[in-house]
Amino acid sequence: RLVRGSWLRASDGRARNDTPTLVVGGYYSVRATCLALGRARATGARIVGACVPEEVGRAHRTIDLGEQAGLYVCGITPYDATHLGHAATYVTFDIAQRVMIDAGAQVTYVQNVTDVDDPLLERAARDDVDWRELATSEIELFHGDMEALGVIPPQHYVGVVESMTLHSTNVARLLERGLAYTVDVPAAENAAASAKDVYLDLAQQPTFGSVSHWDREQMLAVFADRGGDPEREGKRDVFDPLLWRAERGGEPAWDGGPGVGRGRPGWHIECTSIALEHLGNGFTLQGGGTDLIFPHHEMSAVQANALTGQPPFAHHYAHQGMVGYDGEKMSKSKGNLVKVSVLRREGVDPMAIRLVLLDQHYRTDWEYTDAMLEAAKERLARWRSATSNDRGDAEAVVAEFDKIWLPKAPVLADLRKAGKAITAEDYLTERLREIRLI
Ligand code: 5CA
Ligand code: ZN
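Take the sequence shown: its position 320, counted from the start at 1, is 342 in the working numbering, and no numbers get skipped.
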């Protein structure tokens, strides 16, 4: 199938959707998905839906895909990318997209890039570089890593800066309808006298909590660490999310129009606006890491509900477990990073990296070790050699492969029983192509 998409933003100066990517088959995946599809395949069933990641905190369920499916995955904040945690997230949703395509859906995949945000500005200031240059170089690095990892690009790759009017327009609409309110900026913060921040009034939003299903205590435990400002004076509720941050001296700002004023959007409204614009309300699946369940996905959804009056924003959610290293979550703020670009520079085959990621269950937290990479390199070499020689070792590799990825579906044996002429080499070659390892 031909899938159109590219990693270009409108502001990159070239038209989007101009890079066709050839996808060969491609539904093998993290084990859960594979299990369902493997079973369906083995029985010769026509696959009309795909078992993809879970609802938050709930059991697996099958998503009925229509002909048109919308996928929105939260993109990077472009500094210190791409570490293996990011890569795990985007490879997982690459699988999700391939599953949907394979099930016959026309997938519109949208990803944002948070190209203006506090942590990005802080990093640029620390390193004494222009924040725009930092963002641009990190985005380029990310695209190179994604291409090397065989990730199909989204149809719409959208930056916050280039879509600024979407955000300010939505903030203005919420203010006009009395669903948002303004808060004075403290005098010490170097803003114009008339400057006001804008917050959403959660008391008017009955759907708040319907994405995470968390109680207020759970929410409070992480809110401040994940960009929230529970202590901010003048807010009506501690969790009311920031929609628009009025300009402070020295910070980048855009004209938000009447009622909104100069400033920049809050984090969550960015994903609300970009998804509504490019997918519409009620799209199929929103993804990201588990660190985004609350507040980010909760707030993005509640803001969309406030704008449209028609929940749900996304019908389904799936979250990649956190990848750790040296005993902690791999994160830019802690600096315990293993970067894809560094491994590539060291000469590691990106397909060995992809294999490390595919060998984990997407939903479970896991810790990366160097031994995993060594094992993946060795396994990859063995699998490749089994498809390219006639020493007859393909049978053993097929058995291993099926044990890992198709535990309930001894496909080769089934095919033989059904009288299909297929060799172990043929079979393995086909399987490895499908997960892009050869
Ligand atoms: N720009 C926002 C999303 S709108 C953001 O969270 N950016 S990020 O650069 O911090 O992360 C990019 C993606 O990688 C997010 O989906 C995030 O949930 C995921 N992620 C970050 N760290 C890890 C990790 N250690 N393991 C797995 N996924 C991670
Ligand atoms: Zn997001």
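Ideal placement from N, C-alpha and C gives every residue a C-beta, glycine not left out.
Asked                                                                                                                             : Found
Classification of Gln90 by the beta-carbon crowding that lies within 10 angstroms, buried from 16 upward                          : exposed
Candidates Val113, Leu171, Leu93, of which the one nearest Ser363 by Cα                                                           : Leu171
Contact between the stretch 189-205 and the stretch 229-247 (3+ Cβ pairs under 8 Å)                                               : no
C-beta atoms of Ser13 and His178 nearer than 7 Å                                                                                  : Because the chain here runs from 23 to 460, residue 13 falls outside it and cannot be looked at.
Environment of Lys218 [buried if 16+ CB atoms lie within 10 Å]                                                                    : buried
Cβ-heavy atom distance, Met352 to the ligand 5CA, below 6 Å                                                                       : yes
Classification of Ser216 by the beta-carbon crowding that lies within 10 angstroms, buried from 16 upward                         : exposed
Integer Cβ distance of Val280 from Trp266, believed to fall under 8 Å                                                             : Going by the sequence as given, residue 280 is Pro instead of Val. Going by Cβ atoms, the distance from Pro280 to Trp266 rounds to 13 Å, so no, they are not a contact pair.
Exposure label - Cys327; buried when at least 16 CB within 10 Å                                                                   : According to the sequence as given, residue 327 is Asn; it is not Cys. Its Cβ being crowded by 16 or more others within 10 Å, Asn327 is buried.
Three-state secondary structure (DSSP) of Lys354                                                                                  : coil
Cα-Cα separation between Leu201 and Arg154, rounded to whole angstroms                                                            : 33 Å
Contacts around Ala446, its chain only, beta-carbon distance under 6 Å, and the 5 residues preceding and following it disregarded : Ala416, Glu417, Val420
Pick from Asp387, Pro333, Val233 that is closest to Gly303, judged by C-alpha positions                                           : It is Asn, not Gly, that sits at residue 303 in the sequence shown. Comparing Cα positions, the closest option is Pro333.
Gly285: CB within 6 Å of a non-hydrogen atom of the ligand 5CA                                                                    : no
Inside the stretch 381-414 only - alpha helix (DSSP H) runs reaching at least 4 residues                                          : 392-408
Inter-residue Cα distance where the pair is Pro176 and Gln133                                                                     : 6 Å
Where the beta strand (DSSP E) containing Gln308 begins and where it ends                                                         : 305-311
Where Thr462 falls: helix, strand or coil (DSSP)                                                                                  : Residue 462 is absent from the model: the chain starts at 23 and stops at 460.
Check: Ile98 C-beta below 6 Å from any heavy atom of the ligand 5CA                                                               : yes
Sequence-distant residues of the same chain with beta carbon closer than 7 Å to Asp262, five excluded per side                    : Tyr221, Leu222, Asp223, Leu224
Through-space distance from Thr330 to Asp116, alpha-carbon basis                                                                  : 29 Å
Rounded separation between Thr65 and Asp392 - CA only                                                                             : In this prediction, Thr65 scores a pLDDT of 41, lower than 50, which makes its location untrustworthy; the coordinate-derived value is nonetheless stated afterwards. If you take the alpha carbons of Thr65 and Asp392, they lie about 39 Å apart.
Check: Leu314 C-beta below 6 Å from any heavy atom of the ligand 5CA                                                              : yes
Near the ligand 5CA: Tyr345 beta-carbon under 6 Å from a heavy atom                                                               : The residue asked about is misnamed: residue 345 is Val in this sequence, not Tyr. Checking the Cβ of Val345 against the ligand 5CA gives yes.
Touch test, the stretch 378-389 against the stretch 133-143, Cβ-Cβ under 8 Å, three pairs minimum                                 : no
Alpha-carbon to alpha-carbon, Gly357 and Arg145                                                                                   : 12 Å
Burial state of Asp313, where buried means 16 or more other Cβ atoms lie within 10 Å                                              : buried
As assigned by DSSP and simplified to three states, the class of Asp206                                                           : strand
Distance between Gln308 and Tyr339 (C-alpha atoms, nearest Å)                                                                     : 5 Å
Euclidean distance between Cα positions of Pro208 and Ala109                                                                      : 39 Å
Cβ-based burial, Ala214 [other Cβ within 10 Å; buried from 16]                                                                    : exposed
Distance CB(Ala103)-CB(Phe164) smaller than 7 Å                                                                                   : yes
CB contact flag (Tyr94, Leu301, <7 Å)                                                                                             : yes
Counted within 10 angstroms of its Cβ, other Cβ atoms place Gln128 as buried (16 or more) or exposed                              : exposed
Beta carbon proximity, Asn212 to chain B, threshold 7 Å                                                                           : The structure shown has no chain B; it contains just one protein chain.
Beta-carbon proximity check, Glu160 vs Tyr101, cutoff 7 Å                                                                         : yes
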